[in-house]
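To start, the structure under review is shown below, and the notes come after it.
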Amino acid sequence: MASPSNESLDVAASDFEALTEEFTKFEEQNKLYVEQQEKIYASQNKQLKDLAHHNYRLRQISDSLRKQKPTSTEDKAKIEKLQEEITTRKSQLTDIANTLPRRNNLYLRTVLGDLNLSLMSKAQRFQYKDEYEHFKLVVTMISAVLSFCNLFLFKYRFMDAAFHFLLVWYYCTLTIREGILRANGSKIQAWWVAHHYITTFLTGVLVTWPETPIYQAFRNQFYYFSFYLGLVQVLQYRYQHGQLYKLKALGERSTGMDITIEGFHSWMFRGLGFLLPFLFGGYFFQLYNAYTLWNLSKDPRCREWQVAVCAVAFFVLFLGNVITTLGIVLKKVHQRRGGKGSTGDLQRQKST
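All residue numbers for the sequence shown refer to my numbering, where the first residue is 8 and numbers rise by one.
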């Protein structure tokens with residue numbers, strides 16, 4: 008009669024033998040996966056070369072057409088038709104380029120090196136975008152809570168420094184994540200990209216600002232601003248996230264890679280009256296910060312270079328935010344009054 012220990016040993020040996028058979032199949036599947044990956048890599052390289060070839064040939068043809076001087080109406084019509092077809096082809100090539108790896112911009116190359124950051128599947132892109140949105144929401148809520156605590160509960164310099172370091176880390180991380188999103192099809196207006204670079208610089212300057220009477224004179228105002236900004240950004244996230252969901256459900260956003268931003272996008276025109284007052288409240292708070300800091304920089308007690316630099320940075324942020332937002336609003340109002348409506352917007356959005 009076999010002892011219980013021998014029976015357990017036999018069961019373990021039998022289980023391992025069965026697992027070995029499964030492992031053999033798994034190993035074969037892994038080899039096939041590696042082979043497919045190598046084929047995909049080779050195919051990507053070929054596609055990139057073909058894409059470069061088509062773009063080069065289109066530029067040649069476009070240059071040739073620009074040099075043409077039509078001598079008849081028929082020639083003129085033929086040139087116009089070719090130019091329209093070239094424009095369509097360029098749009099098609101852009102769509103193809105969005106499915107292929109692309110070289111990182113200078114900022115990403117400096118920070119991460121020349122890595123391939125393209126996410127090849129839509130599922131990966133959407134997952135990364137959702138993680139980005141969740142990251143923004145969580146850190147924004149934390150910054151709002153810390154602003155409140157530093158304003159009403161804590162008056163310690165090390166708590167101020169911790170908050171400033173949080174902002175530096177947050178905006179540095181945000182610029183990297185947005186660079187990856189842009190490399191994977193997210194359409195982010197140039198100003199909002201620049202906005203985060205400027206804010207990263209501004210928060211970096213705040214970290215170096217020593218505790219002086221001038222610092223204390225601006226401290227509470229900065230925390231009121233940070234608390235208000237945190238609340239507005241949470242409100243924006245809820246509003247924009249809902250708008251994106253509705254537009255995607257209606258089929259009016261083709262890429263699915265749009266993200267929430269600190270400002271205003273053309274697709275956000277619905278519900279305009281709800282969001283704009285909060286946005287402009289934040290913008291004019293930036294202007295007020297710039298005004299306060301500029302006056303403090305003229306105070307005889309002021310010896311810190313950070314004061315004037317922060318004043319200029321806040322003013323640039325105010326100016327860029329207001330000009331960009333007003334430009335989008337006026338453009339949308341003009342389009343609606345001109346009867347160009349949502350159909351034209353939808354066509355343009357689907358071509359991007």
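The beta carbon of each residue, even a glycine, is placed where N, CA and C say it ideally should be.
Treat the numbers as computed from the prediction; the structure is a model and nothing was measured.
Rounded C-beta distance between residue i and residue j? I'm assuming under 8 Å.
| i | j | result |
| --- | --- | --- |
| Val323 | Leu300 | Between Leu300 and Val323 the Cβ distance is about 12 Å, and since that is not below 8 Å, they are no contact. |
| Ala320 | Leu188 | Rounded, the Cβ-Cβ distance is 24 Å, inconsistent with contact. |
| Asn111 | Tyr230 | Actually they are not in contact, since the Cβ atoms of Asn111 and Tyr230 sit about 36 Å apart, beyond 8 Å. |
| Asn62 | Leu124 | Between Leu124 and Asn62 the Cβ distance is about 21 Å, and since that is not below 8 Å, they are no contact. |
| Ser304 | Gly237 | At roughly 26 Å, the Cβ-Cβ gap does not stay under 8 Å, so Ser304 and Gly237 are not in contact. |
Check whether the Cβ of residue i lies closer than 8 Å to any heavy atom of the ligand MG, and answer yes or no.
| i | result |
| --- | --- |
| Leu107 | The ligand MG is absent from the structure shown, which contains no ligand whatsoever. |
Between the Cα of residue i and the Cα atoms of the options, which residue gives the shortest distance?
| i | options | result |
| --- | --- | --- |
| Val152 | Gly334, Ser233 and Asp102 | Ser233 |
| Leu294 | Val329, Phe281 and Ser304 | Val329 |
| Thr207 | Trp176, Gly237, Ala20 and Pro217 | Trp176 |
| Gln196 | Asp22, Thr331 and Ala19 | Thr331 |
| Lys97 | Phe33, Glu81 and Arg66 | Arg66 |
| Lys325 | Thr101, His61, Leu236 and Phe292 | Lys is not the amino acid found at residue 325; the sequence shown has Phe there. Of Thr101, His61, Leu236 and Phe292, the residue nearest in Cα terms is Phe292. |
| Ala59 | Leu303, Asn296, Ile103 and Arg116 | Ile103 |
| Thr215 | Val336, Asp167 and Met148 | Asp167 |
| Gly192 | Thr31, Val212 and Met127 | Met127 |
| Phe287 | Lys339, Thr31, Ala19 and Gly327 | Gly327 |
| Ile205 | Asn227, Asp121, Cys317 and Glu81 | Cys317 |
| Phe170 | Trp198, Lys305, Ile86 and Arg226 | Arg226 |
| Tyr246 | Gly237, Glu29, Gln228 and Leu282 | Leu282 |
| Met148 | Ile86, Glu14, Ala297 and Leu174 | Leu174 |
| Ser71 | Glu87, Asp57, Glu81 and Lys56 | Glu87 |
| Val212 | Arg184, Phe23, Phe172 and Trp198 | Phe172 |
For the alpha helix (DSSP H) holding residue i, just list the boundary residues, first then last.
| i | result |
| --- | --- |
| Ala201 | Ala197 to Thr215 |
| Arg96 | Thr80 to Ala104 |
| Tyr135 | Lys129 to Phe159 |
| Ala169 | Arg164 to Arg189 |
| Arg116 | Leu113 to Leu119 |
Taking 8 Å as the cut-off, does the region 172-188 touch the region 140-150 (at least 3 CB pairs, one atom from each stretch)? Segments in contact, yes.
For the region 236-248 against the region 162-179, are there 3 or more C-beta pairs whose distance is under 8 Å? No, the region 236-248 is not in contact with the region 162-179.
Sufficient close CB pairs (3 or more, under 8 Å) joining the region 90-108 to the region 27-39: With a cut-off of 8 Å, the region 27-39 and the region 90-108 do not count as touching, because too few Cβ pairs lie within range.
Assess, as a yes-or-no matter, whether the region 295-312 is touched by the region 215-226 under the definition of 3 or more beta carbon pairs within less than 8 Å. yes
Kindly confirm or deny that the region 99-111 and the region 49-56 touch, where touching means at least three C-beta pairs closer than 8 Å. yes
Specify whether the region 128-138 and the region 188-198 touch according to this definition: at least 3 beta carbon pairs, one from each stretch, less than 8 Å apart. Result yes; three or more Cβ-Cβ pairs closer than 8 Å.
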